[in-house]
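Below is one structure; the comments refer to it alone.
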Amino acid sequence: MDGFLSEDPSNPQHEPILTSKGEETLVRGVQLSKTAKEKFVLSKDEYDYVAKYRDMFPAGKMPGRPPWRASVKELVPRFEYFFAKYPEYQDWNLILQATAMHIHDNEADQKYINGSENFIYKTDKVKGEISNLSKICQAILDGHQQSNEAPLDNSFINIPGLNL
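Start counting the sequence shown at 105; every next residue gets the next number (the working numbering).
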């Protein structure tokens, strides 16, 4: 434990104390264990946001693919996992803005619109876990705007206090 512990000469029992390097390592270990073990749970109030998210996707489906809209019951565990993995995006304004951007940017060719479940995250056999939602959330936080010239119509998202 060289570098992580030191002796405090003022301590008569000569008990070791953590060095700053030891404290940093301990804090990082606690953070990693929380990320891996703690489960994020959506409140019942947040189910309304999940329903708004779901309703942003087109009704129906593309041939040979599942419907774009999954049930709220199917989406809740996905969002709980997403928020546990990406706490920096735990903002429904951001989630709905990213979703609107994804749908708007792919409106001309709907085959590129992810289903409501897979947009949050999906597991690819080759690439592993992929979250297009996290990518677009980060792009928004980095200052990226929608790719098309036409202004994004968010009027269908009617949530008090939501500023899109």
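Just so you know, even glycine gets a beta-carbon here, dropped at the ideal spot from N, CA and C.
For the putative contact between residue i and residue j, defined by C-beta atoms under 8 Å, what is the C-beta separation to the nearest angstrom?
i	j	result
Phe-144	Ala-174	Contact flag wrong, Cβ pair sits at about 19 Å.
Asn-236	Phe-223	5 Å
Alpha carbon to alpha carbon, what distance is there between residue j and residue i?
i	j	result
Gly-219	Tyr-151	18 Å
Glu-192	His-248	17 Å
Val-230	Trp-196	30 Å
Tyr-185	Thr-203	17 Å
Ile-121	Leu-245	41 Å
Ala-212	Lys-148	35 Å
Met-205	Arg-158	14 Å
Trp-172	Lys-156	14 Å
Met-160	Phe-183	16 Å
Tyr-281	Gln-242	This structure does not reach residue 281, given that the chain is present from 105 up to 268, and the question cannot be answered.
Lys-125	Gly-107	7 Å
Ile-207	Lys-177	22 Å
Gly-232	Ser-238	15 Å
Thr-123	Glu-111	9 Å
Pro-162	Leu-146	24 Å
Asn-115	Glu-127	19 Å
Which term fits residue i, buried or exposed, when burial requires 16 or more other beta carbons within 10 angstroms of its beta carbon?
i	result
Tyr-225	buried
Val-154	buried
Gln-201	buried
Ile-240	buried
Thr-227	exposed
Tyr-216	exposed
Leu-109	exposed
His-199	A small correction: the amino acid at residue 199 is Ile; His does not occupy that position in the sequence shown. Classification for Ile-199: buried.
Leu-179	buried
Glu-221	buried
Ala-140	Model confidence at Ala-140 stands at a pLDDT of 45, short of 50, so the residue's coordinates are unreliable; what they give is reported in the following sentence. Label assigned to Ala-140: exposed.
His-118	exposed
Arg-169	exposed
Could you tell me which whole beta strand (DSSP E) segments of length 3 or greater appear in the segment 187-212? none
Runs of 4 residues minimum, wholly inside the segment 223-254: which ones carry the alpha helix (DSSP H) assignment? 236-245
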